[in-house]
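Residue 373 in the working numbering sits at position 373 of the sequence shown, and the numbers go up by one each step.
Below: one structure, written as structure tokens.
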Amino acid sequence: MSWRRTAARYGAIVSVVIALLWLALALRLEGFINQVDPTPLRQLSPRARALHDTSLVADLHADSLLFGRNLLERSNLGHVDLPRLREGGVGLQVFSLPTVVPFGLNIENNERPGLDSLTIAGLAQLSPTAWLGPTGRALYHANQLHNYARASDGALRLIKNRADLEKLLAARAEGGEVTGGLLAIEGAHAMEGDPANLQVLFDAGYRMIGLTHFFDNRYAGSAHGVEKGGLTKLGRQTIADMEAMGIIVDLAHLSPTAIDETLDIATRPTVVSHSGVRATCDNRRNLSDDQIRRIAAGGGIVGIGNWETAVCGLTPDDIAKAIVHIVGLVGADHAALGSDYDGGTTVGFDTSGVPVLTQALLDAGLGDGAIRKVLGENVLRVLSSTLPSAGIAAN
């Protein structure tokens, strides 16, 4: 009997040690892939501070739900959590979810993986996402954000329709420290080829979907895939269904052919949630001037990212340079922020530092009205014209 108790005791100790090691691995993983460059940032002028504090700031893309941190608590890891969103004056954050990510991903050529990196990350975090399929992963992370909203005592509100958006704006106008969260998906393979799963994801709160991520799928070709083709029949039908339901079409990661074909059939404004422009940073990940013109012609917007591949640098000035190019090309109504925070990126500042971008836009010569549009008014316009009108209450 004694040896059994001893074995049980040691077994319990070993289990705790293993759990702690897994936790350390998970934390080390995020600390390694989501970094902030320690470059000193400039001081804000009183004008920039006042302009930022009186603007609605919206960010079109962050992958923060992937890493298992409690986003209601401030962390030294990653780029986004609710306290840092408040500190940075961000009133609306789009939380995006990839559901399949290849090992060794790159912007040139990726095949769809069998075992993917999110499976390994899930194992490191002891998360059920390790053995869930793409749809299951999307639903798991949507439930996370719902739980955060419920536990936040009203400080974080899910945006599912125009009524939710109007309530968010009214609360902020009254001085409330309230942040909106909108769910998005990177890659329609999250639906696993089943059109019925679009309704499942809609019911879970998803209101923005990009057809592809880093590989070609049954919906469209990826800019980073093998064939880089256009829309498939399923992809075309999915776009029509998304527009009918009030789900925003995200062009990020689509192949050039798929972008053109999407814009040919889109009846509502589209977004590019996180990208750069080839005029300031020429690579496959970024948009040509012709693509930007076509997106703008349909009333769409381009979210400029904060990472090296998007803007060929990490400073606020690098980001501002890309934004200023869009403003000069198609006007201030079509540029937005799309950080790609917590997306396996190194950035120059986390979300608490977003006010330095307002300073950089002022220094680049943009006027207050144009900057307000870039910071968030353009995102509000697109959401107001695409989200369902009402009837789906946010939790």
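Every residue, glycine too, gets a C-beta built ideally from N, C-alpha and C.
With a threshold of 16 other CB atoms inside 10 Å of the CB of A390, please say whether the residue is buried or exposed.
With fewer than 16 other CB atoms across the displayed protein chains lying within 10 angstroms of its CB, A390 is exposed.
Determine which residues share a DSSP beta bridge with F95 and list them.
Answer by DSSP bridge pairing, in chain order: A62 and L183.
Distance check for R278 and V311, CA to CA, integer angstroms please.
Going from the Cα of V311 to the Cα of R278 covers about 9 Å.
Nearest candidate by alpha-carbon position, reference G133, set L375, P83 and A188
Nearest C-alpha to G133: A188.
For V302 versus A335, is the C-beta distance shorter than 8 Å?
Contact: yes.
Report yes or no: do the stretch 362 to 374 and the stretch 215 to 225 share at least 3 C-beta pairs separated by less than 8 Å?
Segments in contact, no.
State the DSSP-derived secondary structure class of Q35, mapped to helix, strand or coil.
The DSSP-derived three-state label of Q35 is strand.
With respect to the beta strand (DSSP E) encompassing S275, which residues constitute its N-terminal and C-terminal limits?
Note, S275: beta strand (DSSP E), V271 to S275.
Contact belief for P98 with N110 at Cβ below 8 Å, rounded distance in angstroms:
Contact flag wrong, Cβ pair sits at about 12 Å.
Less than 8 Å between C-beta atoms, sequence neighbours within five positions excluded: which residues of the same chain meet that for G399?
Here the chain has residues from 1 to 395 only, and residue 399 is not among them.
Closest residue to Q43 among G376, L357, A370 and G367 (Cα-Cα distance)
Taking only the C-alpha atoms, the option nearest Q43 is L357.
Looking only at its own chain, which residues have a Cβ that is under 8 Å from the Cβ of I159, when we skip the five neighbours before and after it?
Excluding the 5 residues flanking it on each side, I159 has same chain C-beta neighbours closer than 8 Å at L92, L165, L168, G180, G181, L182, R207, L383, L387 and A394, in chain order.
Report back the beta-carbon spacing between S275 and G338 to the nearest angstrom; my notes put them in contact at under 8 Å.
The distance from the Cβ of S275 to that of G338 is about 7 Å, consistent with a contact at the 8 Å cut-off.
Beta-carbon within less than 6 Å of T280's beta-carbon, same chain only, minus the 5 sequence neighbours each way: which residues are those?
Here the set comprises K321, A322 and H325.
Proximity winner among N106, E174, L234 and H253, relative to D194 (alpha-carbon distances):
That would be L234, whose Cα lies nearest to the Cα of D194.
Any chance you could list the beta strand (DSSP E) runs of at least 3 consecutive residues sitting entirely within the stretch 123 to 191, in chain order?
Fully enclosed beta strand (DSSP E) runs of 3 or longer: 156 to 158 and 179 to 186.
Of the choices V271, K228 and L139, whose alpha-carbon is the least far from that of I295?
Among V271, K228 and L139, the Cα nearest to that of I295 is on V271.
Roughly how many angstroms lie between the CA atoms of R381 and A124, to the nearest whole one?
So the two alpha carbons sit approximately 40 Å from each other.
Is it buried or exposed for I371, if we count other Cβ within 10 angstroms and need 16 for buried?
By the neighbour-count rule (16 or more Cβ atoms within 10 Å), I371 is buried.
Assigned secondary structure, D260 (DSSP; H/G/I helix, E/B strand, else coil):
Note: D260 maps to helix in three-state DSSP.
I need the boundaries of the beta strand (DSSP E) containing D53, first residue and last residue.
For D53, there is no enclosing beta strand (DSSP E); the residue is part of the alpha helix (DSSP H) that begins and ends at P46 to D53.
Leaving aside the five residues before and after G344 along the sequence, list all residues of the same chain whose C-beta is less than 6 Å from its C-beta, in chain order.
Around G344: I33.
Give me the DSSP bridge partner(s) of Y219.
None, per the DSSP bridge assignment.
Burial state of A149 (16 or more Cβ within 10 Å):
So A149 counts as buried.
Between the alpha carbons of L72 and D153, how many angstroms are there, rounded?
Distance between L72 and D153, taken at the CA atoms: about 11 Å.
Assuming L231 and T262 are in contact, meaning their beta carbons sit under 8 Å apart, how far apart are those beta carbons, in whole angstroms?
Approximately 6 Å separates the beta-carbon atoms of L231 and T262; this is inside 8 Å, confirming the contact.
Over the uninterrupted alpha helix (DSSP H) stretch that includes I371, give me the two end residues.
D368 to R372 is the extent of the alpha helix (DSSP H) around I371.
Alpha carbon of Q199 to alpha carbon of A48, nearest angstrom
Straight-line spacing of the CA atoms in Q199 and A48 works out to 43 Å.
In the DSSP assignment, find the beta strand (DSSP E) that holds A336 and state where it starts and stops.
Here the beta strand (DSSP E) through A336 covers A335 to L337.
What residue does the beta strand (DSSP E) around V249 start on, and which one ends it?
V249 -> beta strand (DSSP E) spans I248 to D250.
What does the alpha-carbon distance come out to for the pair E177 and G114?
So the alpha carbons of these two residues sit roughly 43 Å apart.
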